[in-house]
Amino acid sequence: MSGYTESMRNLIEEFAKMPGIGPKTAERLAFYILKTNRETAGALARAIVRIKEATRFCAVCNNLSEQDRCDICRDQKRDTSVICVVENPEDIASIEKTGSFQGIYHVLLGTLSPLNGVGPDDLKIKDLIARLRNGAAKEVIIATNPDTEGEATALYLIRLIKPLGIKVTRIASGIPMGTNLEYIDQASLIKSIEGRHQV
Ligand SMILES: [Zn+2]
Numbered sequence: 099m100s101g102y103t104e105s106m107r108n109l110i111e112e113f114a115k116m117p118g119i120g121p122k123t124a125e126r127l128a129f130y131i132l133k134t135n136r137e138t139a140g141a142l143a144r145a146i147v148r149i150k151e152a153t154r155f156c157a158v159c160n161n162l163s164e165q166d167r168c169d170i171c172r173d174q175k176r177d178t179s180v181i182c183v184v185e186n187p188e189d190i191a192s193i194e195k196t197g198s199f200q201g202i203y204h205v206l207l208g209t210l211s212p213l214n215g216v217g218p219d220d221l222k223i224k225d226l227i228a229r230l231r232n233g234a235a236k237e238v239i240i241a242t243n244p245d246t247e248g249e250a251t252a253l254y255l256i257r258l259i260k261p262l263g264i265k266v267t268r269i270a271s272g273i274p275m276g277t278n279l280e281y282i283d284q285a286s287l288i289k290s291i292e293g294r295h296q297v
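Adding 98 to a residue's 1-based position in the sequence shown gives its number in the numbering used here.
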């Protein structure tokens, strides 16, 4: 990256760390910032700082939130008898975009992955079981991704939840194996929630 000033190089390097951003795109973004006016650049910088300062995990479901409880947990209109279990907060965003789910969520913040040293205690599984013991849930929809780790996590959860006498369903596998919930088109995601089956 010769020919660039140090600050330009610095910005390109930061952009290039982002997912899906290759060196060419990183350069293009850095030039965009350079050409944009002070207010626009300042607004972007403030938005980046703010998201880190203001965002935390919901005390109930581990969704991203700027308050103790997230928007969904505070929404009186949501059906608290159905809890949809997902891997990450991004999955909630994907499902919410479909507008077809009225229940509430529980985010595990990962999947079981023995090879990477991630065991049950590293995920929000104990919290889920405590929620189910004390709450009004009648059905748990397991919406972990249809890949090896997501399936292993689903099986683990099914074994834990069934003895509690709560109906457990798994999203339909119309979703291609190995596809992340995040990247599925909305129609397929709606179908996989509607077509969930009891396990
Ligand atoms: Zn919440």
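Here a beta-carbon is modelled for each residue, glycine too, at the ideal position from N, C-alpha and C.
Would the C-beta of C75 count as close to ligand 1, meaning under 6 Å from any of its heavy atoms?
Past the boundaries of the shown model lies residue 75; the chain is included only from 99 to 297, so the question cannot be answered.
I'd like to confirm something about V180: is its beta-carbon nearer than 6 Å to some heavy atom of ligand 1, or not?
Counting from 1 along the sequence shown, the entry for residue 180 is found at position 82. Not one heavy atom of ligand 1 is found less than 6 Å from the C-beta of V180.
With a cut-off of 8 Å on the beta carbons, I'd call E280 and E194 a contact; round off their distance for me.
On the sequence shown, residue 280 is found 182 positions in, with the first residue counted as 1. On the sequence shown, residue 194 is found 96 positions in, with the first residue counted as 1. So it is not a contact: roughly 12 Å between Cβ atoms.
Of the residues I282, E247 and I264, which one's Cα is nearest the Cα of I239?
In the sequence shown, residue 239 corresponds to position 141, counting from 1. The shortest Cα separation from I239 among I282, E247 and I264 belongs to I264.
For T242 and V209, believed in contact at Cβ under 8 Å, the rounded distance
Numbered from 1 along the sequence shown, position 111 holds the residue referred to as residue 209. Numbered from 1 along the sequence shown, position 144 holds the residue referred to as residue 242. First, the amino acid is wrong: residue 209 is Thr here, not Val. At roughly 6 Å, the Cβ-Cβ gap stays under 8 Å, so T209 and T242 are in contact.
Sequence-distant residues of its chain with Cβ nearer than 7 Å to R54 (five each side left out):
Given a span of 99 to 297 for the chain in the structure shown, any question on residue 54 remains unanswerable.
Residues in its own chain within less than 7 Å of K260 by CB, not counting five upstream and five downstream?
The count along the sequence shown starts at 1 and reaches residue 260 at position 162. Once the five neighbours on either side are set aside, the close Cβ partners of K260 are V266.
Which complete beta strand (DSSP E) runs does the segment 211-251 hold, if anything under 3 residues is left out?
As far as the segment 211-251 is concerned, its whole beta strand (DSSP E) runs of at least 3 residues are 237-240.
Quick check: what's the CA-CA separation for I202 versus E247?
Taking the sequence shown and counting its residues from 1, the one referred to as residue 202 is at position 104. Taking the sequence shown and counting its residues from 1, the one referred to as residue 247 is at position 149. Between the alpha carbons of I202 and E247 lies a gap of roughly 23 Å.
I think D177 touches Q200, with their Cβ atoms under 8 Å apart; what is that distance to the nearest whole Å?
In the sequence shown, residue 177 corresponds to position 79, counting from 1. In the sequence shown, residue 200 corresponds to position 102, counting from 1. Right, the Cβ-Cβ distance comes to about 5 Å (below 8 Å), so this counts as a contact.
Going by DSSP in three states, Q284 sits in which element: helix, strand or coil?
Position 186 of the sequence shown holds residue 284. If DSSP states are grouped into helix, strand and coil, Q284 belongs with the helices.
For S198 versus I282, is the C-beta spacing smaller than 7 Å?
Residue mapping note: residue 198 aligns to position 100 of the sequence shown, counting from 1. Residue mapping note: residue 282 aligns to position 184 of the sequence shown, counting from 1. For S198 and I282, no; Cβs fall outside 7 Å.
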